[in-house]
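*Asks:* There's a structure below that I have some questions on.
And the structure:
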């Protein structure tokens, strides 16, 4: 909850005011500062503080597009509480269209960071030290890595009834309960008793309108549920298909048994039965083609959209329910 005086990065934020700040703790090897814009909007009335982040992996553009839309439509301006948006956490990776930080590290594997660690670790430390203590809730937007396209989904930890309820309010097609990934942003926030929804949708270096819409609408539902703003008119005008959210507790990857050209025969989000032919792999010369069969029934929550795969590559992610 808010108090009368709130400081973000050393700047006092008054009731009813908004400001763009810059986190500029690091420089390129050319001595050029890399500034990470942080957009803060505080309402006149007290309420919860929501952090909305994207681009922890610099090539996950669709998440960045979701936060951009929230800001451009002024949906980040609450009537109660405060919203902090960091549209591009990993500006370094965004500039280079790469997942990692310039030091080669995955930012989402070094939290809570260290003031004397690697470049990524130092950056993570300042995010946790300067921003995280101010917040109550977080929505963190991601996409699938490389060519793997995720159906819009929320990932949460098990045994947290409040966060499960919020995930259902976000209303994605699927809610996936997963174990903690050590040193991830989500794991760190949870250890600090912050409530986190991790959104996954789409793939790297790609923007998909349906994924963007799902991410925007979900954020509006969460803000409305937290009492931060009434979005009933906005939701009525932009809301798409409403799904019966399915809770997934177990899933498994189908991996390529051969290297070759990959052909997908099913739609993302569709239900498959054991033995269904869901794709094939062929050589480029027309000598062989091998079918890929589902080994168990479930829903397809991710498909590798790369046209060429190697033996052992993950190609389908299917729930086990």
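In my numbering, the protein residues as written are 302 to 622.
Each residue gets a CB set at the ideal place from its N, CA and C atoms; glycine is no exception.
Source: prediction; values computed, not measured.
1. Taking the straight line between their C-alpha atoms, what separation do you get for residue 425 and residue 415?
2. Looking at the strands, I want to know which residues DSSP matches up with residue 563.
3. By the 10 Å Cβ neighbour count, where 16 or more other Cβ atoms means buried, how is residue 496 classified, buried or exposed?
4. Would you mind sorting residue 373 into buried or exposed? The rule is 16 or more other CB atoms within 10 Å of its CB.
5. Near residue 595, which residues of its chain fall below 7 Å by C-beta distance, leaving aside the five closest residues on each side in sequence?
6. Do you know whose CA, among 506, 490, 515, lies nearest residue 500's CA?
7. Cβ of residue 361 within 7 Å of Cβ of residue 443?
8. Would you decide whether residue 343 is buried or exposed? Buried here means 16 or more other CB atoms lie within 10 Å of its CB.
9. Would you decide whether residue 475 is buried or exposed? Buried here means 16 or more other CB atoms lie within 10 Å of its CB.
10. Count the C-beta pairs between the region 373–387 and the region 395–407 that are closer than 8 Å, then say yes if the count reaches three, no if not.
11. Under 8 Å, with one C-beta from each stretch per pair, do the region 336–352 and the region 459–466 reach the 3-pair mark?
12. Measuring only the C-alpha atoms, how far is residue 522 from residue 369?
13. For residue 470, which residues in the same chain have their Cβ closer than 8 Å to its Cβ, ignoring the five residues on either side in sequence?
14. Suppose you measure from the CA of residue 388 to the CA of residue 551; what does that come to, to the nearest Å?
*Replies:* In terms of the structure at hand:
1. Start at 1 with the first residue of the chain shown, and residue 425 comes out as number 124. Start at 1 with the first residue of the chain shown, and residue 415 comes out as number 114. Cα-Cα distance, rounded: 7 Å.
2. For the purposes of this step, residue 563 is identified with residue 262 of the chain shown, where counting begins at 1. Under DSSP, residue 563 forms a beta bridge with 582.
3. Mapped onto the chain shown, residue 496 falls at position 195. Result: buried.
4. As a working mapping, residue 373 is identified with position 72 in the chain shown. Classification for residue 373: exposed.
5. Here residue 595 refers to the residue found at position 294 of the chain shown. So the list reads 573, 574, 575, 576, 577, 579, 619, once near-sequence residues are dropped.
6. For the purposes of this step, residue 500 is identified with residue 199 of the chain shown, where counting begins at 1. Scanning 506, 490, 515 for the CA closest to the CA of residue 500 turns up 515.
7. Numbered from its first residue, the chain shown carries residue 361 at position 60. Numbered from its first residue, the chain shown carries residue 443 at position 142. Yes. Within cutoff.
8. Sequence index remark: in the chain shown, residue 343 carries index 42 (1-based). Under the 10 Å beta carbon count, residue 343 is surrounded by 16 or more other beta carbons and is classified as buried.
9. Translated into positions along the chain shown, residue 475 becomes position 174. Result: buried.
10. These segments do not touch.
11. Judged by Cβ distances under 8 Å, the region 336–352 makes no contact with the region 459–466, as fewer than three pairs qualify.
12. Here the question's residue 522 lines up with position 221 in the chain shown. Here the question's residue 369 lines up with position 68 in the chain shown. The straight-line gap from Cα to Cα measures roughly 17 Å.
13. Within the chain shown, residue 470 is the residue found at index 169, counting from 1. These residues qualify, in order along the chain: 522, 523, 526.
14. Here residue 388 refers to the residue found at position 87 of the chain shown. Here residue 551 refers to the residue found at position 250 of the chain shown. C-alpha of residue 388 to C-alpha of residue 551: approximately 31 Å in a straight line.
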